[in-house]
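Report on one structure; see the data block that follows.
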Amino acid sequence: MRPMRVSGREVEALAREIRRTSRSDTQLSETVRRIIADVRERGDKALVEMARRFDGVELSVEDLVSGRSEMEEAVSRADRSLVRALRRLASRVSRLERRRLRSVSFRVRYPEGTVIESTWRPLVSVGCYAPGGRAPYVSTIVMLGVPASVAGVGRKVLATPPPRSEETRTAVLAAAHVAGFDEVLWSGGAQAVAALAYGTESVKPVEKVLGPGNRYVAEAKRQIQSDVAIDFVAGPTELVVLFDRSSSAELVAMDMMAQAEHGPGSIAVAVTADEDAANALASVLESELRSLPEDSVLRQNLSMGWNVVLAESWDDAVRLVDAIAPEHLSVASDGLAHLVGKVRNAGAVTVGTGVPSVLLDYFAGASHVLPTGGWARARGGLTVLDYVKLINVVRADERVRAKASEEVGLLAEVEGLPNHRRALSA
Numbered sequence: 030m031r032p033m034r035v036s037g038r039e040v041e042a043l044a045r046e047i048r049r050t051s052r053s054d055t056q057l058s059e060t061v062r063r064i065i066a067d068v069r070e071r072g073d074k075a076l077v078e079m080a081r082r083f084d085g086v087e088l089s090v091e092d093l094v095s096g097r098s099e100m101e102e103a104v105s106r107a108d109r110s111l112v113r114a115l116r117r118l119a120s121r122v123s124r125l126e127r128r129r130l131r132s133v134s135f136r137v138r139y140p141e142g143t144v145i146e147s148t149w150r151p152l153v154s155v156g157c158y159a160p161g162g163r164a165p166y167v168s169t170i171v172m173l174g175v176p177a178s179v180a181g182v183g184r185k186v187l188a189t190p191p192p193r194s195e196e197t198r199t200a201v202l203a204a205a206h207v208a209g210f211d212e213v214l215w216s217g218g219a220q221a222v223a224a225l226a227y228g229t230e231s232v233k234p235v236e237k238v239l240g241p242g243n244r245y246v247a248e249a250k251r252q253i254q255s256d257v258a259i260d261f262v263a264g265p266t267e268l269v270v271l272f273d274r275s276s277s278a279e280l281v282a283m284d285m286m287a288q289a290e291h292g293p294g295s296i297a298v299a300v301t302a303d304e305d306a307a308n309a310l311a312s313v314l315e316s317e318l319r320s321l322p323e324d325s326v327l328r329q330n331l332s333m334g335w336n337v338v339l340a341e342s343w344d345d346a347v348r349l350v351d352a353i354a355p356e357h358l359s360v361a362s363d364g365l366a367h368l369v370g371k372v373r374n375a376g377a378v379t380v381g382t383g384v385p386s387v388l389l390d391y392f393a394g395a396s397h398v399l400p401t402g403g404w405a406r407a408r409g410g411l412t413v414l415d416y417v418k419l420i421n422v423v424r425a426d427e428r429v430r431a432k433a434s435e436e437v438g439l440l441a442e443v444e445g446l447p448n449h450r451r452a453l454s455a
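Plus 29 on top of the position in the sequence shown (first one is 1) and you've got the numbering used here.
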């Protein structure tokens, strides 16, 4: 493995090449369109058939949804250390999101006498998707459910692929209980997104669909958003690491491998302006890859030709990060911490020598449900604010109305709306 050198105009071209792995395609879009149409037409029957076809799991219609009583029972049967870890994670997530929610409630008084209150209301119902085909993503269940519970959402539905073992089922139900979900829909992929958005005989439709998933889940969310609100498109995992010679090449390699093992299409890129650091990391990764099967997903994701990038300067390195707009950015050196302030586009950032991105994924308390596919150019990760509506309440009296009349009249005249002025002067 050799580092890929990049400078100047090559930065944008390389970012486009990296991004190509996460783009949708016509065949995928058509497949998802057919799945959504099938669920809308045949409801539960379609979900049962797709569980058999895509997940290899036999379900009856009665098995599709689990309620609170099953979750409570699962908590008593689940591994105690797992439940404790889930509760500790939930506590950290809750602490951050409660603080965030308090920050959007305030009041502004204007000299003219107007008072504007910024307030919020929780959504009535949400559907959250947690991946689970390869393993139960119990941490993601907590990341999705706790902010919804903090917001006070009325009905919270978790959708996740049907389990292939009783142990998996118990772990998922226990995590759902800790996170505060009301229902678990045992369905995965695009069909689960369709069921949440449009409803079936077993599950009522929701107001908003949130959560990460594979390419099919991401495409389904793209297609339903004209009918149902979504958070953002969160598809295959993305990681960019900024590192130098003070970074441990072994730890950087492990961080890349941790994110690249999520599944097909996962992006893991390490960028430096330090040639010695680039060569050291390339050597470590090459050694690790030799021990992997040729057809392994991890090996494929780390054999793209651009996994280790040697930029001509740190400015070019930052430009590449912004052009990729990754889900995760890991600044793997205390000496590079000053670069964080220069980066504009990243879903979430971890900083520190020896601090991998998985610290955020499993421990810190900030959400690991993050935008992918370039969406980090426009927004950050999932928070409690994705589960509420912000509302401005404007309070005034007759004195304010009199003061506003002349100013409103001038603006309304320019815009050709004479009755706006009359509404204040009547």
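Note that the Cβ used here is the ideal one computed from N, Cα and C, for glycine as well.
Values in this document were obtained by computation on a predicted structure and should not be read as measured data.
Inter-residue spacing [alpha-carbon to alpha-carbon] between residue i and residue j
i, j, result
"A452", "I253", "40 Å"
"A180", "P151", "6 Å"
"E236", "N374", "29 Å"
"S434", "G445", "16 Å"
"D324", "S132", "49 Å"
"V35", "V281", "20 Å"
"L399", "L187", "18 Å"
"L466", "A221", "Within the shown structure, residues of the chain are numbered from 30 to 455, placing residue 466 beyond reach of any answer."
"R163", "I353", "27 Å"
"D351", "P447", "47 Å"
"L268", "H357", "5 Å"
"L310", "R408", "31 Å"
"R193", "E78", "16 Å"
"L314", "N336", "9 Å"
"A66", "R45", "32 Å"
"P265", "R424", "46 Å"
"R129", "T143", "26 Å"
Span of the beta strand (DSSP E), counted from its first residue to its last, around residue i
i, result
"P151", "144-151"
"E212", "212-215"
"V133", "No beta strand (DSSP E) contains V133, which DSSP labels as neither H nor E."
"A340", "337-340"
"V369", "Segment: none, V369 is in no beta strand (DSSP E) and carries neither H nor E."
"V35", "33-35"
Limits of the unbroken alpha helix (DSSP H) element including residue i
i, result
"T60", "55-71"
"A204", "195-208"
"R97", "97-106"
"A346", "343-353"
"P176", "167-180"
"A221", "218-227"
"N40", "Note on residue identity: the sequence assigns Val, not Asn, to residue 40. Its alpha helix (DSSP H) spans residues 39-48."
"R328", "326-330"
According to DSSP, residues forming a beta bridge with residue i
i, result
"G156", "V186, V238"
"L358", "V269, V378"
"R138", "V144"
"V94", "L214"
Cβ-Cβ separation, residue j to residue i (assumed contact under 8 Å), whole Å
i, j, result
"A470", "S276", "Any question about residue 470 goes unanswered here, given that the chain covers just 30 to 455."
"F83", "G218", "6 Å"
"D390", "S123", "Actually they do not touch by this definition, with Cβ atoms about 17 Å apart."
"P385", "M286", "Wrong, their Cβ atoms sit about 10 Å apart, outside the cutoff."
"P165", "V201", "5 Å"
"V86", "A249", "Not confirmed; about 19 Å, so no contact."
"T412", "P176", "6 Å"
Inset, instruction - Mind listing, in chain order, the continuous beta strand (DSSP E) runs of no fewer than 3 residues lying wholly within the segment 250-321? - result: 267-271, 296-301
Inset, instruction - Let me know the alpha helix (DSSP H) ranges lying completely inside the segment 378-453, each 4 residues or longer, listed in chain order. - result: 427-443
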